[in-house]
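Notes for the one structure printed next.
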Amino acid sequence: MPTIKSIETLIVQLPTRREHKWAGLTEVIGRYVMVKMTDSDGRVGWGEAPALKDWGGEFGRYFGESALITRAVIETYLAPAVIGLELGNFAELHARMDAIIRGYPYSKAAVEFAAYDLTGRWLNVPVHTLLGGKARAKVAITHSIGLISIEEAKIEAAKLAEEGIKTIKVKIGVDPARDVKMVAAVREAAGEAMEICVDANEGYKTPGEAVQTVRQMEKCRLKYVEQPVMGIERIAEVGRRIDAPVMADESAWNAHDAIQIIQNGGIQIISIYTTKAGGLYKAMEVGAVCRAAGIICNVNGSIETGIGNLANVQVAAASPAATLSCVIPISTPAEAQHGQVGGIYYKDDLLVEPMQVVDGAVVVPSGPGMGIDVDLAKVEKYRVRD
Numbered sequence: 000m001p002t003i004k005s006i007e008t009l010i011v012q013l014p015t016r017r018e019h020k021w022a023g024l025t026e027v028i029g030r031y032v033m034v035k036m037t038d039s040d041g042r043v044g045w046g047e048a049p050a051l052k053d054w055g056g057e058f059g060r061y062f063g064e065s066a067l068i069t070r071a072v073i074e075t076y077l078a079p080a081v082i083g084l085e086l087g088n089f090a091e092l093h094a095r096m097d098a099i100i101r102g103y104p105y106s107k108a109a110v111e112f113a114a115y116d117l118t119g120r121w122l123n124v125p126v127h128t129l130l131g132g133k134a135r136a137k138v139a140i141t142h143s144i145g146l147i148s149i150e151e152a153k154i155e156a157a158k159l160a161e162e163g164i165k166t167i168k169v170k171i172g173v174d175p176a177r178d179v180k181m182v183a184a185v186r187e188a189a190g191e192a193m194e195i196c197v198d199a200n201e202g203y204k205t206p207g208e209a210v211q212t213v214r215q216m217e218k219c220r221l222k223y224v225e226q227p228v229m230g231i232e233r234i235a236e237v238g239r240r241i242d243a244p245v246m247a248d249e250s251a252w253n254a255h256d257a258i259q260i261i262q263n264g265g266i267q268i269i270s271i272y273t274t275k276a277g278g279l280y281k282a283m284e285v286g287a288v289c290r291a292a293g294i295i296c297n298v299n300g301s302i303e304t305g306i307g308n309l310a311n312v313q314v315a316a317a318s319p320a321a322t323l324s325c326v327i328p329i330s331t332p333a334e335a336q337h338g339q340v341g342g343i344y345y346k347d348d349l350l351v352e353p354m355q356v357v358d359g360a361v362v363v364p365s366g367p368g369m370g371i372d373v374d375l376a377k378v379e380k381y382r383v384r385d
């Protein structure tokens, strides 16, 4: 049986199509750590850690990982712990990583993604097969509109409707008056057929402020309200006082968090990340807990490059609980970009071919491993040298 022979890390920086920010974010997206894992037969698998120092859980429960921190954790602790492990033994992979260092789920996820990619390539099956099978053949896409001007948002929303995107997420949580105007403008520009959800990224100061603000938005027909405030109990308080369901994101990292959210009540949706839980293996655990409790989910992320984004698509395809449209980029190399906006956050990508889109949804790739090969020339082009 082949084993993990070596692990290499590198940092890339993709050029953004436009600035993309949310409440509390102070750094640029797309500067992420890539993991190149080689097995004893010479096969290669890839992983990604879309680590951001400003991104963490509520009340300091979880904390940010920068690219430099992630690289140090992988090289110093995780790689030595898992080298020599046979491919396909994901339970032991996680046991070794958790034993050598606590926390750092983004670092662990990057290593685990590469192991899944490598195992799928060895067995000549897609990763969703390793996760239990394909619950859906297409993953509906939600396009995220960041903290841009209202005029820019109106132009983008109208273009998204033309392109066939079915759901828009609007970043809010910076100023209630601005937020209400923004959502109304996006609704007007996108049309009544568009589904609209909002994400405050814990931005509102109190549950009362969140409730007052959301009530003004609800005439625009909101699909859900994501993380209006910090704290499971406080989100639930908002959820009990508005009509739209609330989603936990920053409050929901792993299966234990999901249990606490379910026990507390008042929250109807949980956002699954492939990274917050520490990888695909544990993200599937989150989905299983949610499904057992009747909580619906989407798959969300930190605007990954194609390497990490393929992991998002594979989990979204495999998790029965992920019934909602997912906030997943449509990873598209520069050669395949022709002015489209939906799901496009970068001017280029690291995949050899674009993700295929049909009727506002990504077609789940069926190739071995993560499903689409990595463009090594692009990796070198966007590699950040020390």
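End of the sequence shown = 385 in numbering that gives the first Met the number 0, gap-free, step of one. We put the beta carbon where it would ideally sit given N, CA and C, even for glycine.
Of the listed residues the options, nearest to residue i (C-alpha basis)
i	options	result
A199	R233, E232 and V224	V224
T205	A184, R16, R95 and I234	I234
A247	R239, P367, K153 and I260	I260
G366	L92, I28, I3 and P125	P125
A188	I164, E155 and I343	E155
A254	K133, D347, T322 and C289	C289
G29	L159, K346, E284 and D256	K346
G41	L13, L67, R70 and P1	P1
A251	C196, S148 and G286	G286
I327	Y280, A333, P319 and G305	G305
V197	G207, F58, A136 and C219	C219
S318	V138, T331 and G277	V138
G386	T141, Q313 and T15	Nothing can be reported for residue 386: it is not among the residues displayed for the chain, which extend from 0 to 385.
E284	A321, L375 and N263	A321
I241	E57, L221 and Y272	L221
T331	A291, T15 and I3	T15
G131	L279, K380 and M354	L279
C296	G307, E303 and A282	A282
Y103	A71, A176, K153 and A136	A71
T212	G55, K180 and K158	K180
L77	M96, I258 and G59	M96
Q355	A376, I140, S148 and A183	I140
Unbroken beta strand (DSSP E) run spanning residue i, endpoints
i	result
R60	First-last for R60: undefined, no H or E at that position.
H142	T141 to I144
I167	T166 to K170
E194	E194 to D198
V361	A360 to V362
Nearest-angstrom Cβ-Cβ length linking residue i and residue j, presumed shorter than 8 angstroms
i	j	result
V456	W45	Outside the displayed range of the chain (0 to 385) lies residue 456, so it cannot be described from this structure.
E47	Y31	6 angstroms
V378	L349	6 angstroms
Q339	E162	6 angstroms
L84	I3	5 angstroms
I167	M193	6 angstroms
I144	V169	5 angstroms
A66	I10	5 angstroms
G341	I164	4 angstroms
Span of the alpha helix (DSSP H) around residue i
i	result
E236	I231 to R240
T212	P206 to M216
A78	A78 to V81
A321	Careful: A321 lies outside any alpha helix (DSSP H) and carries neither H nor E.
A335	Here A335 belongs to no alpha helix (DSSP H), and DSSP marks it neither H nor E.
I68	A66 to V72
L159	I149 to E162
A188	P175 to A189
N263	A254 to N263
L92	F89 to I99
Residues that DSSP places opposite residue i in a beta bridge
i	result
M283	According to DSSP, which records beta bridges pairwise, M283 is partnered with nothing at all.
S270	N297
A388	This structure does not reach residue 388, given that the chain is present from 0 up to 385, and the question cannot be answered.
V228	DSSP lists no partner for V228.
V32	I10 and A48
P125	G368
A134	In the DSSP output, where bridge partners are listed per residue, A134 has none listed.
I3	D38
Y345	T15
L350	V373
V43	T37
R382	V11
L221	I195
V27	Partner(s): none; V27 has no beta bridge.
E85	T2
V356	V361
Beta-carbon proximity of residue i to residue j, cut-off 7 angstroms
i	j	result
C325	V357	no
A90	T274	no
G300	N311	yes
V34	T8	yes
L117	L92	no
Y115	A50	no
G230	G265	no
G370	L309	yes
Q12	V361	no
P227	A243	no
Check: residue i C-beta below 6 angstroms from any heavy atom of the ligand SAM
i	result
I271	What this structure holds is no ligand at all, so the ligand SAM is not there to describe.
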